[in-house]
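Residue numbers (my numbering), protein chains in the order written: chain A, 55 to 169; chain D, 10 to 122.
Beta carbons: idealized from backbone N, C-alpha and C, even for Gly.
Owing to the predicted nature of the structure, the values given are computational and were not obtained by experimental measurement.
Right, one structure below, let's go through it.
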Amino acid sequence: GAVVSQHPSWVICKSGTSVKIECRSLDFQATTMFWYRQFPKQSLMLMATSNEGSKATYEQGVEKDKFLINHASLTLSTLTVTSAHPEDSSFYICSARVSGGEKLFFGSGTQLSVL
Amino acid sequence: DAKTTQPPSMDCAEGRAANLPCNHSTISGNEYVYWYRQIHSQGPQYIIHGLKNNETNEMASLIITEDRKSSTLILPHATLRDTAVYYCIVRLQRSGSARQLTFGSGTQLTVLP
Chain A
55 GAVVSQHPSW VICKSGTSVK IECRSLDFQA TTMFWYRQFP KQSLMLMATS
105 NEGSKATYEQ GVEKDKFLIN HASLTLSTLT VTSAHPEDSS FYICSARVSG
155 GEKLFFGSGT QLSVL
Chain D
10 DAKTTQPPSM DCAEGRAANL PCNHSTISGN EYVYWYRQIH SQGPQYIIHG
60 LKNNETNEMA SLIITEDRKS STLILPHATL RDTAVYYCIV RLQRSGSARQ
110 LTFGSGTQLT VLP
């Protein structure tokens, strides 16, 4: 199946700093990628839809100025958590769909811990 | 997308079949049933999907009732590595659609040695 690579796997940062998470489709082109967030013992919640070459679409309640999404190419989307605070500590997961395909493929996730 | 209902948790003995139920009584005729699983601290993994016919692949079988209001995911010979949260998702399928998956709370399957 298609492979989605997400990096880093985990990151620890100080409060107030920014963290960038990368999501790459390794063997296919992804016009659209999705970013999810998952808090402990909860399900995945969609944060935003990332479209190549255009602005991301954010879900209600997700601050677009805090969670910057860039989808500059068909194989790379990045999520930057700006001025991170402890409440942003969470598991962030990206996913992508092969153009014309049915299934979504997921990255391995990034555990963010903000001290 | 139609709402799904799954039991919060299930146990299964290693080597036995694991049967995970899902209710989707409001499913519409052109909505597919998808199953994903999430092993602890990893991203979700696609398992199988179907519309109305039963489906089988190398991972599992999907049995959809005739009225399509419920389905069962079957792992024929569960192993310890199958311990995960299993998500049943109903999704409208459109060619070229970029729609996301909406995850419910899923079923925590624990395979016991």
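Exercise. Just the C-alpha distance for residue 20(D) and residue 61(D), rounded to the nearest angstrom, thanks.
Key: Here the C-alpha atom of residue 20(D) lies approximately 27 Å from the C-alpha atom of residue 61(D).
Self-check item: Close Cβ partners of residue 13(D) (< 6 Å) along its chain, the five nearest in sequence each way excluded
Solution: Around residue 13(D): 31, 33, 97, 99 and 113.
Self-check item: Euclidean distance between Cα positions of residue 139(A) and residue 169(A)
Solution: For the pair residue 139(A) and residue 169(A), the Cα-to-Cα distance works out to about 7 Å.
Quiz item: What are the residues that DSSP puts in a beta bridge with residue 54(D)?
Solution: Answer is 46(D).
Self-check item: Residue environment, residue 24(D), which counts as buried when at least 16 other CB atoms sit within 10 Å
Solution: Exposed.
Practice problem: Give the residues of chain D in contact with residue 163(A), contact being defined as C-beta atoms less than 8 Å apart. | Solution: Close to residue 163(A), with beta-carbon spacing below 8 Å, are these residues of chain D in chain order: 50, 51 and 52.
Quiz item: Cβ atoms of residue 116(D) and residue 128(D): under 8 Å apart, would you say?
Solution: There is simply no residue 128(D) to check, as chain D begins at 10 and stops at 122 in what is shown.
Quiz item: Going straight from the alpha carbon of residue 26(D) to that of residue 18(D), what length do you get?
Solution: Taking the straight line from one Cα to the other gives about 16 Å.
Self-check item: Proximal residues, the region 123-148 of chain A versus chain D, C-beta separation under 9 Å
Solution: Within the region 123-148 of chain A, the residues whose Cβ lies closer than 9 Å to some Cβ of chain D are 145, 147 and 148, listed in chain order.
Exercise. Please confirm if residue 109(D) has its CB atom under 8 Å from at least one CB of chain E.
Key: Of the chains in the structure shown, none is chain E; the protein chains are A and D.
Quiz item: Quick one: any contact between the region 57-73 of chain A and the region 146-157 of chain A, if contact means 3 or more CB pairs under 8 Å?
Solution: These segments touch.
Exercise. Could you spell out where the beta strand (DSSP E) holding residue 138(A) opens and where it closes?
Key: The continuous stretches of beta strand (DSSP E) do not include residue 138(A), and DSSP gives it neither H nor E.
Quiz item: Could you give the distance in angstroms between the alpha-carbon of residue 85(A) and the alpha-carbon of residue 22(D)?
Solution: Linking residue 85(A) to residue 22(D) through their CA atoms gives a straight-line distance of about 42 Å.
Practice problem: Flag this pair as yes or no: are the beta carbons of residue 136(A) and residue 72(A) separated by less than 8 Å? | Solution: Yes.
Exercise. Express the C-alpha separation of residue 62(A) and residue 76(A) in angstroms, rounding to a whole number.
Key: Residue 76(A) and residue 62(A): Cα-Cα distance of roughly 7 Å.
Practice problem: Look at the alpha carbon of residue 64(A) and the alpha carbon of residue 165(A), and state the distance between them as a whole number of angstroms. | Solution: Each residue's Cα considered, the two are about 4 Å apart.
Practice problem: Could you check the C-alpha separation between residue 56(D) and residue 141(A) for me, to the nearest Å? | Solution: Answer to the nearest angstrom: the Cα atoms are 32 Å apart.
Practice problem: Using a Cβ-Cβ cut-off of 8 Å, state whether residue 113(D) counts as contacting chain A. | Solution: So, interface residue.
Practice problem: Flag this pair as yes or no: are the beta carbons of residue 28(D) and residue 81(D) separated by less than 8 Å? | Solution: Yes. Within cutoff.
Quiz item: Between residue 129(A) and residue 83(A), is the Cβ-Cβ spacing less than 8 Å?
Solution: A distance below 8 Å separates the beta carbons of residue 129(A) and residue 83(A).
Quiz prompt | DSSP beta-bridge partners of residue 167(A) | solution = Residue 167(A) is bridged to 66(A).
Quiz item: residue 89(D) and residue 120(D) look like a contact to me (Cβ under 8 Å); what is the Cβ gap, rounded to whole Å?
Solution: Yes, they are in contact, since the Cβ atoms of residue 89(D) and residue 120(D) sit about 5 Å apart, within 8 Å.
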